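So the structure is just underneath, and the comments pick up after that.
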Amino acid sequence: MVDPLFQAKVQCPCCERTFLSSRVRPSFRKAIRTDTDFMAHYRDDVNPDFCVVRVCPSCGYAFTENMKQELTPRQKEMYMERIGKSWVHRDYGGKRTWEEALDCYKRALLCAQTVGDSERVIAGLLHHIAWMYRLRDMKDQELRFLRYALEEYIHVYEREGKDINNARLMYLIGELYRRLDEPHEAVRWFSRIVNDKRIMDAAMIKASREAWHQLREEMLAKKMAMPEEAELL
Ligand SMILES: [Zn+2]
21 MVDPLFQAKV QCPCCERTFL SSRVRPSFRK AIRTDTDFMA HYRDDVNPDF CVVRVCPSCG
81 YAFTENMKQE LTPRQKEMYM ERIGKSWVHR DYGGKRTWEE ALDCYKRALL CAQTVGDSER
141 VIAGLLHHIA WMYRLRDMKD QELRFLRYAL EEYIHVYERE GKDINNARLM YLIGELYRRL
201 DEPHEAVRWF SRIVNDKRIM DAAMIKASRE AWHQLREEML AKKMAMPEEA ELL
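Count the sequence shown with the working numbering and you get residues 21 to 253, in order.
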């Protein structure tokens, strides 16, 4: 049988040494289903999400493809001072358990925060950590990290989203509000996507309508008042 994992050579943005990091072969990367906030589910034995974070065995710097691939001397220094100096050599290169994958995500989050990576990257890491907890049905932790991710996505939107076509980001904000049981906020975002004439992203418009229909059922079941924006959907 083919091993779903293979080793890819990567370079550490911090100490610049190269090392091998496991990746999942493309033929094993097919999701069996995807949640409404884009979390992909895979067959139990191979989860490509477990390999997203690369951890340098020499200095412990943890990073993803989306993170900065080059650090300034000052950023390297900050990493070493705050996190790197307590690193004990460890190789995360093989197959990771759920616990190890979660550690890697949290380590990447710390590194991203320490070197001041973008809000988008930080939001994505927080969202992935929430997904890790969802895999194990740890609802409180999942919601805690979804809340952090939501706050970051809103920062991203405020900084870059208002003027450009950012339907996917707006949809995610609405969807996380829905999952955090704030239906009125969720509807506000879904209706923006549907009603903003500049938005051409048909998939996100459709997803927003579907999310709204689901939300309406939930609100009717709880006998909640319908928000004004709902009429426009
Ligand atoms: Zn390194």
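Every residue gets a Cβ at the ideal spot worked out from N, C-alpha and C, and that includes glycine. Here the structure is a predicted model, which means the values were calculated and not measured.
Taking residue i as the reference, which of the options has the closest Cα?
i	options	result
TRP151	ALA28, ALA241, ASN67	ASN67
THR92	ASP201, LYS226, CYS32	CYS32
ILE174	GLU139, ARG199, ASP221	GLU139
MET100	LEU130, LEU196, PHE48	LEU130
LYS226	TYR62, PRO203, MET239, TYR191	TYR191
GLU230	ARG37, SER211, ARG218	SER211
GLU202	PHE48, MET244, ASP216	MET244
PHE48	VAL108, HIS61, LEU122	HIS61
ASP137	GLU237, LYS96, HIS109	LYS96
ARG198	LEU163, ASP69, LYS217	LEU163
When we look at the beta-carbon of residue i and count the other beta-carbons within 10 Å, is it buried (16 or more) or exposed?
i	result
GLU85	exposed
ASP57	buried
PRO46	exposed
ALA187	buried
GLU90	exposed
SER106	exposed
VAL44	buried
MET220	exposed
ILE52	exposed
Start and end of the alpha helix (DSSP H) containing residue i?
i	result
SER228	222–241
PRO134	According to the sequence as given, residue 134 is Thr; it is not Pro. Residues 118–135.
LEU170	159–176
VAL141	139–155
Looking at residue i: is its Cβ nearer than 8 Å to the Cβ of residue j?
i	j	result
CYS76	PHE39	yes
ARG74	ALA82	yes
TYR177	LEU189	yes
LEU235	VAL207	yes
SER42	GLY114	yes
LEU146	TRP118	no
LYS88	VAL135	yes
ILE193	GLU172	no
LEU122	LEU170	no
CYS34	CYS79	yes
GLN161	TYR168	no
My output table needs one value for residue i: the three-state DSSP class, helix, strand or coil.
i	result
SER106	helix
VAL30	strand
VAL214	helix
PHE83	strand
ALA206	helix
ARG63	coil
ARG53	strand
Can you tell me where the beta strand (DSSP E) with residue i in it begins and where it stops?
i	result
ARG198	ARG198 -> not in any beta strand (DSSP E); alpha helix (DSSP H) instead, spanning 187–199.
THR38	38–44
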